[in-house]
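For any residue, its number in the working numbering is found by taking its place in the sequence shown, counting from 1, and adding 198.
The structure appears below as structure tokens.
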Amino acid sequence: MEEKILKIKEELISKLSSVDKEALVLNLKGEYVGKKSEIQDLLVSLKDMSVEDKRKYGSLINNTKKELEELINKKLEEIENNINISFDDTLDYEINNGSLHPVTIVAKEVTDILKRMGFTIVSGPEMESEYYNFEALNIPKDHPARDMQDTYYLDNGMLLRTQTSDNQIHAMEKYGAPLRICAPGRTFRNEDVDASHENTFFQLEGMVIDKDISIENLMYVMKCVLREVFHKEVEVRLRPGFFPFTEPSYELDCSCLICGGKGCPTCKNSGWIELIPGGMVHPNVLRAGGIDPEVYNGFAFGIGLTRLAMMKYKISDIRVLNSGDIRYLKNFDMK
Ligand code: DAH
């Protein structure tokens with residue numbers, strides 16, 4: 199028996215030394231430790247042996263099988279480590295560098311400044327429930343404010359979020375008060391596509407909840423954001439607005455940087471672009487997020503990231519941003 203076992207081992211060692219391909223080693227694995235291997239037969243034969251023989255050969259056969267497996271695995275490892283990737287560094291080829299998308303660039307600029315002000319970046323689902331997209335934001339079923347946003351409703355009872363404001367509720371539920379979050383993300387509306395409307399666009403939601411927050415705090419944050427993105431003071435105007443989730447609400451417009459305020463299709467000839475709506479968080483929204491409006495208050499804003507990119511890079515047609523047209527997009531470089 200000892201001799202037989204020794205022979206198996208020697209045979210395997212000699213065969214392993216003459217192969218250098220993984221497939222061949224795997225063949226040997228089948229032959230020497232597989233179901234039909236000699237060592238396996240010996241293992242099976244143990245049950246018919248006398249108690250004495252079992253004691254004598256049991257551990258010898260078992261240990262040998264382990265040894266054979268180890269020899270095979272070692273060889274496989276050796277082959278793997280020896281794989282040589284040849285790389286011809288004299289080959290002449292053109293490198294086509296990509297660039298970040300304009301929306302990605304402004305999103306980074308806005309989140310960078312907000313991070314420095316202590317905001318945490320969060321994100322939420324693009325497929326959202328009516329509750330988070332509308333109800334919890336103080337827009338109950340059948341409320342006319344739902345008509346402000348032409349929504350894609352899905353067959354499964356969910357919808358494609360029309361705004362990043364859903365993150366306000368998710369964040370309040372998750373973190374409670376006090377809170378400083380910003381949430382960049384993709385949003386969807388059933389729009390007639392033209393130079394300034396797309397069915398898929400990007401927003402960035404911001405929310406601050408604390409004690410004694412005022413609209414002054416909001417204005418300060420907005421000014422810092424715009425200075426960071428445009429590297430200069432841009433002309434802005436504030437006018438009253440309406441959003442069910444803020445009270446009071448306002449619209450912050452910036453002078454259209456495409457036409458210099460003269461009027462063009464992008465600004466619908468008004469000379470102004472709606473850029474950052476916002477306001478003081480409505481008490482119902484705080485309650486929906488589990489925060490006591492008697493103790494805390496706060497502000498929220500929604501930056502149109504797509505619009506911001508258009509203003510920054512003087513892109514007159516929103517459609518190029520979703521076009522994936524490299525010739526256009528490669529004009530932007532993040533340096
Ligand atoms: N979600 C709004 C929209 O898409 C934008 C907005 C307005 C966000 C006011 C806010 C806000 O946080 O306070 O039109």
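Note that beta-carbon positions come from the ideal geometry of N, C-alpha and C, so glycine has one too.
Small disclaimer: the values here were computed from a predicted structure and weren't measured.
Exposed unless 16 or more other CB atoms sit within 10 angstroms - verdict on residue i
i    : result
E307 : buried
S248 : exposed
V320 : buried
R359 : buried
A534 : No statement about residue 534 is possible, as the shown extent of the chain runs from 199 to 533 and does not include it.
D451 : buried
E268 : exposed
M325 : exposed
T288 : exposed
Y418 : exposed
L204 : exposed
V423 : buried
I293 : exposed
N365 : buried
P342 : exposed
S521 : exposed
K151 : What is shown of the chain runs 199 to 533, which leaves residue 151 out entirely.
Y330 : buried
S212 : exposed
V391 : exposed
T349 : buried
V304 : buried
I516 : buried
D523 : exposed
Residues of its chain near residue i, where Cβ-Cβ distance is below 7 Å and the 5 sequence neighbours each way are ignored
i    : result
K227 : I270
S453 : V432, E433, G459, G469 and W470
A369 : V320, L377, I379 and M405
L416 : G476, F497 and F499
I411 : N495, G496 and F497
E229 : S235
F428 : K510
N482 : N336
R344 : F332 and I337
G256 : L244
M356 : M325, E326 and S327
T444 : G476, G477, M478, V479, H480 and A498
K533 : The pLDDT assigned to K533 is 45, lower than 50, so where the model puts this residue is not dependable; a value taken from the coordinates is nonetheless given after this. Excluding positions up to five away in sequence, the list is empty.
Secondary structure of residue i, DSSP reduced to three states
i    : result
Y494 : coil
P382 : strand
F332 : coil
Q347 : coil
I474 : strand
L593 : In the structure as shown, the chain starts at 199 and stops at 533, and residue 593 therefore has no counterpart that could be examined.
M508 : helix
L312 : helix
I407 : strand
K533 : Only weak support is given to the placement of K533: the predicted model assigns it a pLDDT of 45, under 50, and the value that follows is read from those uncertain coordinates. The answer is coil: DSSP assigns K533 none of H, G, I, E or B.
T302 : helix
I237 : helix
M370 : helix
D246 : helix
E449 : strand
F166 : With the chain covering only 199 through 533, there is no way to say anything about residue 166.
R435 : strand
L358 : strand
L222 : helix
V217 : coil
D251 : helix
Sequence-distant residues of the same chain with beta carbon closer than 8 Å to residue i, five excluded per side
i    : result
V223 : L214, V217, I270, K273, L274 and I277
V301 : F400, L503, T504, A507 and L519
E265 : K207
L258 : M199, E200 and I203
K409 : P376, V493, Y494 and N495
G439 : S447, Y448, E449, P475 and G477
Residue i versus the options, residue with shortest Cα-Cα distance
i    : options                   : result
N495 : G374, S394 and D251       : G374
P446 : E472, E229 and V479       : V479
T362 : I501, K430, L258 and K339 : I501
T309 : E292, K430 and M420       : M420
T385 : E371, A393 and L402       : L402
R525 : K430, N260 and N295       : N295
R314 : E426, E200 and G522       : E426
N529 : N280, K263 and S297       : S297
G488 : K263, N467 and A334       : A334
I367 : K466, E389 and P323       : P323
F441 : I474, Y350 and A393       : I474
E396 : T464, N279 and A305       : T464
I513 : N467, L455 and G461       : L455
R387 : S394, G232 and T398       : T398
E209 : V231, F317 and E472       : V231
Q238 : E389, N261, H299 and I407 : N261
Min CB distance residue i to chain C below 8 Å
i    : result
E326 : In the displayed structure, chain C is absent; only one protein chain is listed.
Spatial neighbours of residue i in its chain, beta-carbon cut-off 6 Å, leaving aside the 5 residues before and after
i    : result
L484 : P491
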